[in-house]
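Heads up: the sequence shown is residues 116 to 349, going by the numbering used here. Ideal Cβ placement from N, Cα and C applies to all residues, glycine included. Being a predicted model, the structure only gives us computed values, none of them experimental.
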Amino acid sequence: MKRIFLLCCSTLVAIVGFAQEVNVDSLNSINRIKRDTSYIYAESTMRDAVEAESYARTILEMKVGEWLRNKYPNESIDTCLVKVNDHSRTLLTFRGKYKRAFVFLKKDMIVPQIEPVACDTLVDSVAVEAVEPVAPAVTVELTPDEKDMVAVADFPAIEPYVKNLKSDGRLRAYGKYATLPEDTNCHLFVYDRDGQIAAVLRQTKDGKYYNLRTLQEDNVKNYTNCGAIWLQLK
116 MKRIFLLCCS TLVAIVGFAQ EVNVDSLNSI NRIKRDTSYI YAESTMRDAV
166 EAESYARTIL EMKVGEWLRN KYPNESIDTC LVKVNDHSRT LLTFRGKYKR
216 AFVFLKKDMI VPQIEPVACD TLVDSVAVEA VEPVAPAVTV ELTPDEKDMV
266 AVADFPAIEP YVKNLKSDGR LRAYGKYATL PEDTNCHLFV YDRDGQIAAV
316 LRQTKDGKYY NLRTLQEDNV KNYTNCGAIW LQLK
């Protein structure tokens with residue numbers, strides 16, 4: 116199986132400090148990068164600068180995964196980036212009281228390698244330990260929002276879905292599996308290495324999971340070698 120690696124093409128990491136004043140050069144740089152097809156970029160605007168950058172990086176990782184699947188459609192690829200945070204760059208601008216984090220990465224830093232190398236994964240994998248399947252005991256009734264979630268077919272479709280929730284003011288928070296809050300109501304898109312949605316789960320405050328497709332009780336640990344994006348609605 117091929118893996119995709121982020122090559123150490125440059126040791127320079129230019130991260131614009133959150134306290135730095137916005138200037139015309141930053142805005143011009145963002146516009147130039149958006150027009151340059153050699154970059155993959157993502158942005159997020161929030162009140163807190165750290166959260167804005169964190170969510171922008173989550174979107175960037177989603178876009179990188181989509182780009183890899185489009186570039187290598189016939190390959191069985193294990194997506195893997197070495198120290199992605201050390202090689203992407205961040206520009207910060209301000210929109211009133213809000214902070215806008217713009218994160219970008221050059222495509223030519225992502226090169227296929229035949230031989231596997233130990234690395235930090237781009238997306239967080241769900242725990243892989245074997246567990247006994249959960250016996251179905253509860254039938255789930257879907258809310259209108261959950262019916263929309265079930266319609267999300269693959270990994271690339273997650274980003275526009277999340278953007279629509281945010282623009283409608285219905286998104287409280289979202290992130291990668293590693294940042295999943297415990298003991299709270301939220302939902303998870305679980306996706307496999309081919310970018311297909313393996314399950315859409317509802318997590319409850321008591322730590323239980325329910326599968327919105329099978330309408331039965333489930334467990335996130337049932338999905339080995341998968342990644343997940345969680346979100347919380349208002």
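| request: Using only alpha-carbon positions, find the residue among ARG147, ASN146, LEU183, MET161 that is nearest to ARG308. | output: LEU183
| field | Pick from TYR213, ASP140, LYS262 that is closest to LEU316, judged by C-alpha positions | value | For the residues TYR213, ASP140, LYS262, the minimum Cα distance to LEU316 belongs to LYS262.
| said: Within a Cβ cutoff of 7 Å, which residues of the same chain sit near ASP260, ignoring the five residues on either side of it in sequence? | reply: Taken in chain order, the residues that qualify are LEU348.
| request: Please look up how many angstroms separate the CB atoms of ASN326 and ASP333, rounded, as I've assumed it's under 8 Å. | output: 4 Å
| request: Specify, as a first and last residue, the run of the alpha helix (DSSP H) that GLU261 falls within. | output: GLU261 -> alpha helix (DSSP H) spans 259-265.
| task | State the CB to CB distance for the pair ILE145 and LEU206, rounded to an integer number of angstroms; the pair is presumed to be in contact (CB under 8 Å). | result | 6 Å
| query | Expressed to the nearest angstrom, what Euclidean distance is found between the alpha-carbon atoms of ASP239 and ALA164? | reply | The predicted position of ASP239 is uncertain, since its pLDDT is 44 and thus under 50; a value taken from the coordinates is nonetheless stated next. Cα to Cα, the separation comes out at about 23 Å.
| query | Sorted by chain position, which residues of the same chain lie with C-beta nearer than 7 Å to LYS323's C-beta, five sequence neighbours on each side aside? | reply | GLU332
| Near MET177, what residues of its chain come up, given a Cβ to Cβ distance below 6 Å and the 5 sequence neighbours on each side ignored? | GLU274
| Comparing the C-beta of PHE304 with each C-beta of chain C, is any distance below 8 Å? | In the structure shown, chain C does not exist; there is a single protein chain.
| message | Tell me which residues share the same chain as ARG215 and place their Cβ nearer than 8 Å to its Cβ, disregarding the 5 neighbours each side in the sequence. | response | GLU158, SER159, THR160, ALA167, LEU207, THR208, PHE209
| said: Measuring straight from C-alpha to C-alpha, what distance separates ILE312 and LYS212? | reply: 36 Å
| said: Less than 8 Å between the C-beta atoms of GLY344 and TYR289, yes or no? | reply: Sequence check: residue 344 is Ile here, not Gly. Result yes, Cβ atoms of ILE344 and TYR289 sit closer than 8 Å.
| Considering LYS278, what are the terminal residues of the alpha helix (DSSP H) in which it resides? | 273-282
| Are ARG328 and VAL267 closer than 8 Å when you measure CB to CB? | no
| field | 6 Å CB neighbourhood of LEU280 in its chain, flanking five on each side removed | value | LEU286
| message | Classify THR258: buried if its beta carbon has 16 or more other beta carbons within 10 angstroms, exposed otherwise. | response | exposed
| task | Let me know if THR173 comes out buried or exposed under the rule of 16 or more other beta-carbons within 10 Å of its beta-carbon. | result | buried
| said: The beta strand (DSSP E) that contains GLU291, what's its start and end? | reply: The residue you asked about is not Glu; residue 291 is Lys in the sequence shown. Start and end: 286-291.
| request: Using 10 angstroms around the beta-carbon of GLY284, count the other beta-carbons present and answer buried if the total reaches 16, otherwise exposed. | output: exposed
| Which class does ALA167 belong to by DSSP, given the choice of helix, strand or coil? | helix
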